[in-house]
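Asks: Numbering (the numbering used here), first residue to last: 1034 to 1238. Quick reminder that beta carbons are idealized off the backbone N, C-alpha and C, glycines included. Fair warning: this is a prediction, and the values are worked out from it, not measured in the lab.
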């Protein structure tokens, strides 16, 4: 599992260029179906638009798609895709809606406008990095609960759940690179009495 960058949230950005309205929509997506669903949603929302151009790149695959949606070839979808690549993100889809304002922009003007809409959408959404996290269960005596609970955030450990039975059982996740340091801290503090149990892996911000 490798780290990757994507956008934090679905959002939009809008500007006007020579009376044409450009609206850039963006969303993180987990798979191609999610990307297609997002594209269709925007197309339905703006069924009266002149063009609904799109591009997307999926995380962990070679899948990258784009569409000019009626604009001259190479002036719309490809510039949007190139912006995504240049920003170094994946697992993301962008749809740029255009309402034609009556003034032709020319090939160069279209490239710049669609690229600008894509960049504005990315900037509005914000970029975050997802890294591989180890999910694990930690069982400790009640006497160790308060100290360990306070040390989770400083060690970059995420708390998923906590159960109180004969022992305190934490369900946790942490960046793989930080796991060893946290494990050493817990073992030192508890005299190696804590029980660690690996549960799995996931990506997390």
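Just to check my reading of the structure: residue 1110 and residue 1086 have Cβ atoms closer than 8 Å, yes? What is that Cβ distance to the nearest angstrom?
Replies: 5 Å
Asks: Count the CB pairs spanning the region 1125–1145 and the region 1177–1189 that are closer than 8 Å, and state whether there are at least three.
Replies: Short answer: they don't touch.
Asks: Measuring CA to CA, which of 1167, 1214, 1202 is closest to residue 1187?
Replies: Residue 1214 is the option with its Cα nearest to residue 1187.
Asks: How about residue 1171 and residue 1227: are their beta carbons less than 8 Å apart?
Replies: yes
Asks: So what's residue 1124 in DSSP terms, helix, strand or just coil?
Replies: coil
Asks: So what's residue 1239 in DSSP terms, helix, strand or just coil?
Replies: Nothing can be reported for residue 1239, as the shown portion of the chain is limited to 1034 through 1238.
Asks: Provide the residue(s) that pair with residue 1142 in DSSP beta bridges, ordered along the chain.
Replies: Looking at the DSSP assignment, residue 1142 forms no beta bridge with any residue, so it has no partner.
Asks: Grab the span of the beta strand (DSSP E) containing residue 1099 for me, first residue to last.
Replies: 1097–1100
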